[in-house]
Amino acid sequence: GAGVSQSPSNKVTEKGKDVELRCDPISGHTALYWYRQSLGQGLEFLIYFQGNSAPDKSGLPSDRFSAERTGGSVSTLTIQRTQQEDSAVYLCASARGLSTYEQYFGPGTRLTVT
Amino acid sequence: GENVEQHPSTLSVQEGDSAVIKCTYSDSASNYFPWYKQELGKRPQLIIDIRSNVGEKKDQRIAVTLNKTAKHFSLHITETQPEDSAVYFCAARGYSGAGSYQLTFGKGTKLSVIP
């Protein structure tokens, strides 16, 4: 079946502009995660959604970052007033549910802030 | 929160030799340890995982071992092939401190298999 998809694949923006990144999880997966991967680094957890529960936002690096998940499916990560240090690959992952730990990743969005 | 250390950061092996990557974690309550393979420009792919109630798991040429007492786990790849060349990430599932359990990733190991 279809895997996790993300759009756009690449985004170049000017410093100070807002950006929105989209994630479509695997159909039926109730858990959705956002990660940030900076060049040559591991994956840094940003935010987690599980069903209709309040999201775990403990990984968001600043209040410029926010995310929504509408209807328990598609999620949007928004970065306001982008800074050069926000340049990274933003990865989304989904998992089947609470007791299923395996996460499946999307292809990522490469964000470049100039 | 959880802290995961991964070594080495780079590893070169001759084709056919074995490769071992090691990770340590800090949270003794962590209960799930996946390994991901990421080829250049591609998404991370889950290649093997282990839960804390198991000491070893094997899948063809890949195996993972877990030592809960020492809080470390390792990835073993036997009979390496050029297509094994990639960056490998370990992770540990621990409490985020905000009501849920999350994966904390190591910084990755770049494996190069020399034909």
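Protein sequence lines, in the order shown, are assigned to chains L and G. Position one of the first sequence corresponds to residue 2 (my numbering), numbered consecutively onward. Position one of the second sequence corresponds to residue 157 (my numbering), numbered consecutively onward. A virtual CB, placed ideally from N, CA and C, is assigned to each residue, including glycine.
- Taking 8 angstroms as the upper bound for CB-CB distance, G:Leu267 and G:Tyr244 are in contact here, some 6 angstroms apart.
- Under the DSSP assignment, G:Lys193 falls in the beta strand (DSSP E) whose first and last residues are 188–194.
- The three-state reading of DSSP puts L:Gln42 in coil, since its state is none of H, G, I, E or B.
- The three-state secondary structure of L:Gln85, taken from DSSP, is helix.
- Secondary structure of G:Asp215 (DSSP, three-state): strand.
- In the three-state reduction of the DSSP assignment, G:Asp240 falls in the helix class, which pools H, G and I.
- Between L:Tyr91 and L:Leu22, the C-beta gap is smaller than 7 angstroms, which places the two residues in contact.
- Bounds of the beta strand (DSSP E) holding L:Arg111 are 110–114.
- Looking at the DSSP output, G:Glu161 sits in a beta bridge with G:Thr180.
- Under the Cβ distance rule, G:Pro164 does not count among the residues neighbouring chain L, no pair being separated by less than 7 angstroms.
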